[in-house]
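Numbering (the numbering used here), first residue to last: 130 to 848. Notes to accompany the following structure.
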DNA sequence: CCCGTTGCGG
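Next up, the structure:
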């Protein structure tokens, strides 16, 4: 990061100048300026333009050097004029080192020379060098021009160095560039990229003249700051002022549409591009793919993608990440292969998407080979490392996750949080705590996310005392204001431990409005512990908040069933039917011999169905012999007990387990991935199965892991 | 008098 300009501050400089009533002085004389060298030269030597033309025509090293020599001979070099052109011609042939060498020995350096050098560094993306030269230039008393300020501001934007940027902007205004569109749009971009859209709009509204670039900056600024509605408003305002968009403007709008998820608007943006016959380059088309993918319309995204005459890795990445983000892990992974078949090398983004896809479906084998690919092909950085940690832990390989965690040498709080979360979901609350304590010994500060990870780890392990202790210390010592997420963890922790009264008190003490999630957590705890007094209230609260998740209604209905309030069960069922919410079909996945197999509830279509049923039948008898009693309360239909018991056997995880047992060698660990929470009966049954077949079965449900071995589950039946 | 300078994709 750029340290400091070490320059005297312009007058009235303070934070965002307009916010504090800053009034720029036009053409101020408060800084002693030497006249620029090119200015003096014009009156003393002939034919400067011929030399410039010559320099501009230079195409290679030879002609540049020749002209350079000519300048030295004629004495032009000594007098300083045209040196900007000389530097620029070295830059043009890509020889920045020579350009800098010339620059350093110039007897007189006019603003053109400085600009040429600064622009060269800007193009090569050396923002720190740009700012160094800029400040040196000011100190030497050379008068910067519009380009100088524009490029210097761009450098600050790259570094996200708002403070330096504002300082430069103030100076630009003092030098008379307040209404320069180039300087102005650079300032807008600086604010936009630093996430200060309110300041940007303040500057924007004061601009007397705005070009298309200014509008684009505002539109994409709003889009990228998560304010898509304002981005669209900005575009409408622009049209009202008689401007038409170009491709770049539309890219900003596609981002806004992607975030809004408004298909109609998305289609109209696409339509605008076609109607106005704007050039559809790779960038525009890729942003359309991304827009449709973010809207969840993968078909449209694919359609645009397929019709792209020219694709690149970014286009592929947009589609792959679209599939992965929308939960279509298989499509994402297939696309990654297809991309390679088409001769494109997966890059960071497509690989992270692939990891995400593997994580979603618990495809450890493919995740591992993706990890291998990353290690071989790319530098293994912190971001990728954290993604791989997440993948391993969510694919059940906690110890591998830890090994990798130890290998990351400059961990940020995201890496720590990922590892703490990993211990949490595997039910290792104590390890999560000791890792947290280790983190506090570094100079990283635990933030709200760290405490979310820690508290949820406690809740998965039922560590009530620890939870209360650290919740209090989070507020008092670490000054992290508790968010709803933290409250949910605490309510969950207390309520599941049966301390529903304390959970209630905690909800009452919340500053913010208590949302749906805390009441759901409370209700779940009441349901588990048969606390019908507080449960009644929690159930009412939950229903009042009109949840749109069918799972929540199932919880309420389960609760009423447990409380034997059949009328209420019926009325909740009625709501569920009326709202027409689709039940998410439960499925289970199991990896066998490097392939992932999926099972739906009561799925009889599998070619091994016969064998699986036989095995389950056999296991059912053996389980009953050693004490298994089917818990039919988990089947919600009003059916005969016998039918209910049969249905339990057809739960998807039983099918997956049967398939896994039949197709793997004795003693192999099975990993089952579920998209819902594991049902209580299956949990019991699996414990018995591990005893009978002498295997370890790991089940990942939507919330956490269950490592089941010898009839005992790592969750301690606490989930 | 001219030139260089500002906004876009996973």
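Here a beta-carbon is modelled for each residue, glycine too, at the ideal position from N, C-alpha and C. None of these values were measured; they are calculated from a predicted model.
DSSP state of residue i mapped onto helix, strand, coil
i, result
"residue 725", "strand"
"residue 717", "strand"
"residue 334", "helix"
"residue 609", "coil"
"residue 848", "coil"
"residue 707", "helix"
"residue 374", "coil"
"residue 457", "coil"
"residue 414", "helix"
"residue 758", "coil"
"residue 313", "helix"
"residue 271", "coil"
"residue 475", "coil"
"residue 323", "coil"
For residue i, the nearest candidate out of the options (CA to CA)
i, options, result
"residue 266", "577, 624 and 243", "243"
"residue 793", "826, 667 and 808", "826"
"residue 478", "467, 445 and 736", "445"
"residue 830", "626, 524 and 316", "524"
"residue 416", "305, 376, 392 and 454", "376"
"residue 800", "521, 383, 355 and 227", "521"
"residue 798", "779, 808, 828 and 807", "828"
"residue 308", "326, 332 and 239", "332"
"residue 318", "305, 303, 352 and 304", "352"
"residue 99", "273, 633, 564 and 638", "Residue coverage of the chain in this structure runs from 130 to 848, which leaves residue 99 outside it and unanswerable."
"residue 822", "745, 573, 325 and 313", "745"
"residue 220", "239, 236, 194 and 237", "194"
"residue 345", "427, 337, 361 and 535", "361"
"residue 468", "485, 284, 449 and 458", "449"
Pairwise C-alpha distance: residue j and residue i
i, j, result
"residue 514", "residue 533", "7 Å"
"residue 540", "residue 547", "11 Å"
"residue 404", "residue 394", "15 Å"
"residue 749", "residue 715", "21 Å"
"residue 555", "residue 843", "8 Å"
"residue 475", "residue 492", "19 Å"
"residue 245", "residue 369", "38 Å"
"residue 420", "residue 411", "14 Å"
"residue 781", "residue 732", "8 Å"
"residue 451", "residue 811", "34 Å"
"residue 824", "residue 590", "23 Å"
"residue 834", "residue 610", "29 Å"
"residue 279", "residue 232", "21 Å"
"residue 196", "residue 357", "53 Å"
"residue 726", "residue 741", "14 Å"
"residue 584", "residue 841", "24 Å"
"residue 425", "residue 511", "29 Å"
"residue 299", "residue 292", "11 Å"
"residue 838", "residue 256", "57 Å"
"residue 224", "residue 250", "11 Å"
"residue 752", "residue 482", "42 Å"
"residue 818", "residue 730", "19 Å"
"residue 708", "residue 805", "21 Å"
"residue 697", "residue 689", "6 Å"
"residue 621", "residue 675", "20 Å"
"residue 719", "residue 808", "17 Å"
"residue 706", "residue 684", "15 Å"
"residue 414", "residue 374", "16 Å"
"residue 453", "residue 222", "43 Å"
"residue 269", "residue 327", "35 Å"
"residue 151", "residue 315", "Because residue 151 carries a pLDDT of 43, less than 50, the predicted location of this residue cannot be relied on, and the following value inherits that uncertainty. Roughly 19 Å between the two C-alpha positions."
"residue 642", "residue 616", "11 Å"
"residue 787", "residue 736", "13 Å"
Legend entry - Start-end ranges of the beta strand (DSSP E) lying completely within the region 554-596, minimum 3 residues: none
Inset, instruction - Run through the region 780-843 for me and flag every whole alpha helix (DSSP H) of 4 or more residues, listed as ranges in chain order. - result: 781-792 and 809-822
Legend entry - Every unbroken alpha helix (DSSP H) within the region 530-555, with a cutoff of 4 residues, ordered by chain: 542-554
Inset, instruction - Scan the region 193-267 and note each continuous alpha helix (DSSP H) run of 4 residues or more that stays entirely inside, going in chain order. - result: 205-208, 212-221, 225-234 and 240-252
Legend entry - Uninterrupted alpha helix (DSSP H) stretches inside the region 379-450 (no shorter than 4 residues): 392-404, 411-423 and 427-435
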